[in-house]
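J.:
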Amino acid sequence: MVGEVLGKRYKILSKLGSGGMAEVYKAHCQILNRTVAIKVLRPQFASNEEFVERFRREAQAAAGLSHPNIVSIYDVGKDEERYYIVMEYVSGTSLKEAISRSGHLSPQRAARITWQILAALQHAHENGIVHRDIKPHNVMVTSAERVKVTDFGIARALCASTLTDTGTIIGTVNYFSPEQARGEAVEAQSDIYSSGVVLYEMLTGTVPFKGESPISIALQHLETSVTPPTELNAAIPKGLERIVLRALEKNPSRRYQDARHMMRALEPYAFPGNDYDTVNDDIHVASDTTLTDLTAPVLSSPSDPGADMEETQVRRKPKNNNPRRTVFVTLFLVLALLTVAAGVMFMLPQWLYVEEVRVPDFTGKTLEEAESLAAKAHVRLDSPDKRYDETIPAHRVISQRPAAYERVKMNSKVTLVVSLGKEIVEMPDLLGMDLREALLELERLELEPGPQSRDYSDEVEVDKVASQSPAAGVQVEKGTMVEVVLSDGPEPLLVTVQDFRGMNMAEAESLLTVSGLVKGRVTEEGREGAEPGIIISQQPEPGQLVTLGSAVDFVVGKGLDASSLLDAITPISSLVTIVVPPGTDLQEVKIRINDYYGERDYYVGMHTPGERIEKQINAWGRKMRIRVYIGGVLYRDESIPKG
């Protein structure tokens with residue numbers, strides 16, 4: 074089976090061992106990503122009602138128990154014709170292997186292991202479960218000496234009515250209680266007896282009774298007295314021997330009445346100096362009732378050799394060699410083993426069936442919404458995984474395992490991946506970088522370049538980043554748009570342009586020097602009324618703000634010749650037709666002309682898109698220039714010669 078996948082989720086890694094009715098494998102749960110142990114019923118027993126019944130009850134009984142000394146049951150299922158149980162994987166060895174390696178264990182170690190077995194049994198008994206098959210094979214011991222009891226395959230709920238009066242014998246014969254050997258209904262004291270057998274074996278290296286057949290061993294449990302452990306191992310304290318012998322009493326009423334009593338009796342040997350609180354601080358007995366509240370007799374201290382003399386005596390009974398009794402018991406045992414076979418076949422599907430449900434689609438939901446959906450669908454949400462996502466908003470589900478609408482067993486766990494939103498990065502410091510460096514840094518951090526502008530800066534040289542938004546050090550999402558402002562250097566000083574018109578050039582140059590401006594181009598133009606050498610116009614115009622050191626261009630008058638005089642009195646005209654283009658509801662339309670008398674606005678008005686405008690332009694000179702602006706943008710530019 075190694076390499077196979079059971080139930081579409083458990084990949085078999087290796088074989089751990091096998092028992093009489095099942096094989097145990099180490100596996101990996103591909104949904105919850107954890108190592109588990111899987112017990113698979115042997116194929117030859119899959120059609121055997123008795124074995125399947127035992128197998129089903131292991132999961133049913135143990136799944137309701139939660140204790141640090143009990144192996145947890147996670148799942149039960151059927152894959153084709155294979156029945157399996159998924160349980161906690163325990164890294165360690167079985168108690169049987171530990172005994173086989175050592176021959177026998179030290180009294181203190183044996184007492185500590187038994188104490189933990191009893192802690193598990195006390196929890197099970199208080200939940201109405203009798204194990205019925207306590208033996209070293211069903212006890213795992215970790216490297217930290219933590220005990221884990223497993224294999225509740227023949228456990229029976231004390232309150233259940235099935236298999237109580239049928240006389241069926243269930244268990245392993247070497248560790249039987251006498252009442253099990255008789256096929257009677259068993260109680261918690263049966264597990265006490267089996268625990269006593271396990272403790273006996275740990276202390277001596279052998280079980281109390283051996284024989285050539287299971288029947289002969291069962292009869293010894295019924296009739297033969299136990300050989301005192303100290304006869305096999307003199308190092309065993311007498312007080313500890315008394316505990317073993319009391320647990321192995323034939324009459325259940327003479328044994329410890331519950332596991333807690335036996336635990337209290339073992340504590341001086343398991344935890345000398347009363348150190349069990351620190352050694353086993355995470356192992357608890359379910360009830361807070363003290364020993365003095367209970368009715369069973371209190372054992373004396375192991376240091377008092379004279380105490381409980383009546384309890385220390387080994388009660389030996391003569392062997393009953395009555396042939397008729399032996400035949401009767403033998404027939405009773407055989408018949409009891411066969412009585413249950415016919416009753417379970419038609420109930421098997423119901424016992425092994427675990428209802429399946431469909432997994433909801435959690436994607437896009439908040440955790441609160443997902444929890445509500447999970448409750449309605451009868452699935453459980455595991456602790457969510459979280460990661461950044463570029464598209465899914467924070468706190469919403471990105472994906473899930475198992476997938477939406479997949480069929481799973483009721484109360485299965487579903488793992489969600491929840492968005493943390495876009496990944497957060499720290500804004501870099503772009504100040505002083507040139508534009509190329511800044512863009513590369515933004516690209517590296519997956520930030521988006523935003524609008525770029527320019528401004529003056531006294532500290533940052535020209536064409537370097539003078540400021541940024543968001544500011545450096547701020548936590549932002551990836552993909553955030555970043556605006557940068559490039560430096561134009563220090564802000565220049567501005568001066569107001571004086572009115573130079575009417576001055577001669579000498580006067581103008583003197584005033585330019587005082588104003589911090591320089592002379593630009595000087596052109597002459599003949600105009601009516603203009604005096605030669607006197608400034609007619611200037612650019613920039615008077616009153617404008619310009620940077621210190623800017624040039625000013627001048628036009629000066631010159632004497633009019635006959636041609637110029639003719640231009641001054643010669644009219645020129647043109648019809649201008651305009652259709653206002655699409656745009657805003659109202660757009661400014663401006664017609665500006667330049668003729669013999671200079672440049673000026675001829676028409677300014679507001680018009681709607683699609684409106685047709687016709688204007689007759691009348692000017693002076695042999696030519697004129699007409700420029701049309703719509704919404705402040707040059708729309709037409711033409712020169713008209715004299716026609």
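Residues 74 to 716 (this note's numbering) make up the sequence shown, in order.
Cβ atoms here follow ideal geometry from the backbone N, Cα and C, with glycine treated the same way.
Fair warning: this is a prediction, and the values are worked out from it, not measured in the lab.
#1: Going by the DSSP bridge assignment, what does G599 pair with across the sheet?
#2: I need the DSSP call for D502, collapsed to helix, strand or coil.
#3: Starting from K311 and walking both ways along the alpha helix (DSSP H), at which residues does that stretch end?
#4: The alpha helix (DSSP H) that contains E274, what's its start and end?
#5: With 8 angstroms set as the bound, which would you pick, yes or no: does the beta-carbon of V568 sit closer than that to a beta-carbon of chain D?
#6: Is the segment 696-706 touching the segment 662-674, taking contact as three or more C-beta pairs under 8 angstroms?
#7: Taking contact to mean at least 3 C-beta pairs separated by less than 8 angstroms, is the segment 620-628 in contact with the segment 574-591?
#8: Can you give me the C-alpha to C-alpha distance between M500 and D434, rounded to a whole angstrom?
#9: Between which two residues does the alpha helix (DSSP H) harbouring Y702 extend?
#10: Entirely within the segment 531-577 and at least 3 residues each: give me those beta strand (DSSP E) ranges in chain order.
#11: Would a C-beta distance cut-off of 8 angstroms place I186 and I207 closer than the cut-off?
#12: Give me the DSSP bridge partner(s) of V97.
#13: Cutting at 6 angstroms between CB atoms, please list the residues of its own chain near A254, excluding the five before and the five after it.
#14: Closer than 7 angstroms by C-beta to A136: which residues in its own chain qualify, once you throw out the five before and the five after it? Chain order, please.
#15: Short check: CB of M94 to CB of R107, under 8 angstroms?
#16: Under a three-way DSSP split, which group does R388 fall into?
#17: Give me the Cα-Cα distance between V222 and L339, rounded to the nearest whole angstrom.
#18: Can you find the residues in the same chain that come closer than 6 angstroms, C-beta to C-beta, to Y676, ignoring five residues on each side of it along the sequence?
#19: What runs of the beta strand (DSSP E), each 3 residues or longer, lie entirely inside the segment 165-194?
#20: Rounded to a whole number of angstroms, what is the C-alpha to C-alpha distance between P251 and K323?
#21: Sort out for me which residues DSSP pairs R453 with in a bridge.
#22: Does the beta-carbon distance from H334 to A261 come in below 8 angstroms?
#23: Mark E285 as exposed unless 16 or more other C-beta atoms lie within 10 angstroms of its C-beta, in which case mark it buried.
#24: How would you call N247, buried or exposed, if buried means at least 16 neighbouring beta carbons within 10 angstroms?
#25: Within the continuous alpha helix (DSSP H) that includes L515, where are the two ends?
#26: Once DSSP output is grouped into helix, strand and coil, what is the label at P522?
#27: Under a three-way DSSP split, which group does M160 fall into?
#28: When the Cα atoms are used, what is the spatial distance from S613 to V568?
#29: Can you tell me whether A343 is buried or exposed? The criterion is at least 16 other CB atoms within 10 Å of its CB, across all chains shown.
#30: Can you tell me which of E218, V595, L621 puts its alpha carbon nearest to the alpha carbon of G630?
#31: Report yes or no: do the segment 478-496 and the segment 528-542 share at least 3 C-beta pairs separated by less than 8 angstroms?
#32: Enumerate in chain order the residues of its own chain whose CB-to-CB distance from L508 is below 8 angstroms, with the five nearest sequence positions on each side excluded.
#33: Evaluate V149 with the Cβ neighbour count: other Cβ atoms within 10 Å of its Cβ, from every protein chain shown; 16 or more gives buried, anything less gives exposed.
#34: Please confirm if the segment 542-552 is in contact with the segment 569-581, defined as three or more CB-CB distances below 8 angstroms between the two stretches.
#35: With L276 and P141 assumed to form a contact (beta carbons below 8 angstroms), what rounded beta-carbon distance in angstroms separates them?
#36: Taking just the CA atoms, how far does S530 sit from P457?
T.: With the given structure in hand:
#1: According to DSSP, which records beta bridges pairwise, G599 is partnered with K631.
#2: Three-state DSSP puts D502 in coil, outside helix and strand.
#3: Where K311 is concerned, the enclosing alpha helix (DSSP H) stretches over 311-320.
#4: Looking at the DSSP string, the run of the alpha helix (DSSP H) that includes E274 is 261-277.
#5: Of the protein chains in the structure, only one exists, and it is not chain D.
#6: They touch, by the three-pair rule.
#7: Output reads yes: the segment 574-591 touches the segment 620-628.
#8: Taking the straight line from one Cα to the other gives about 37 angstroms.
#9: Not the alpha helix (DSSP H): Y702 falls in the beta strand (DSSP E), residues 696-703.
#10: Secondary structure in the segment 531-577: the beta strand (DSSP E) runs of 3 residues or longer, each lying completely within the stretch, are 538-542, 548-550, 554-560, 567-569 in chain order.
#11: Their beta carbons are not under 8 angstroms apart, which means I186 does not touch I207 by this criterion.
#12: V97 is bridged to G90, K112.
#13: In its chain, beyond the 5 residues on either side, A291, H294, L295 have a beta carbon closer than 6 angstroms to the beta carbon of A254.
#14: Cβ neighbours of A136 beyond the five flanking positions: I146.
#15: No, they are not a contact pair.
#16: Because the pLDDT at R388 is just 40, under 50, the model does not fix this residue reliably, and the point stays unresolved.
#17: Taking the straight line from one Cα to the other gives about 18 angstroms.
#18: In chain order, I664, K688 place their CB closer than 6 angstroms to the CB of Y676, counting only its own chain and leaving out the 5 sequence neighbours on each side.
#19: Here the runs fully enclosed are 165-167.
#20: Rounded to the nearest angstrom, the two C-alpha atoms are 6 angstroms apart.
#21: Note: R453 sits in a beta bridge opposite K486.
#22: Taking 8 angstroms as the Cβ cut-off, H334 and A261 do not qualify as a contacting pair.
#23: Looking at its Cβ environment, which holds fewer than 16 other Cβ atoms inside 10 Å, E285 is exposed.
#24: Classification of N247: buried, given that the 10 Å Cβ count is 16 or more.
#25: Unbroken alpha helix (DSSP H) run through L515: 508-517.
#26: Strand, per DSSP.
#27: In the structure shown, M160 sits in a strand (DSSP, three-state: E or B).
#28: Note on residue identity: the sequence assigns Pro, not Ser, to residue 613. Per the coordinates, the alpha-carbon of P613 lies some 12 angstroms from the alpha-carbon of V568.
#29: The residue is buried, with at least 16 neighbouring Cβ atoms inside 10 Å.
#30: When E218, V595, L621 are compared, the shortest CA-CA separation from G630 is found for V595.
#31: Segment contact: the segment 478-496 against the segment 528-542, fewer than three CB-CB distances shorter than 8 angstroms; contact not assigned.
#32: The beta carbon of L508 sits closer than 8 angstroms to those of Q525, D536, V538, V557, L559, all from its chain and outside the five residues before and after it, given in chain order.
#33: Buried, by the Cβ-count rule.
#34: Short answer: they don't touch.
#35: About 25 angstroms separates the two Cβ atoms, so there is no contact after all.
#36: Our two residues, P457 and S530, have alpha carbons roughly 51 angstroms apart in a direct line.
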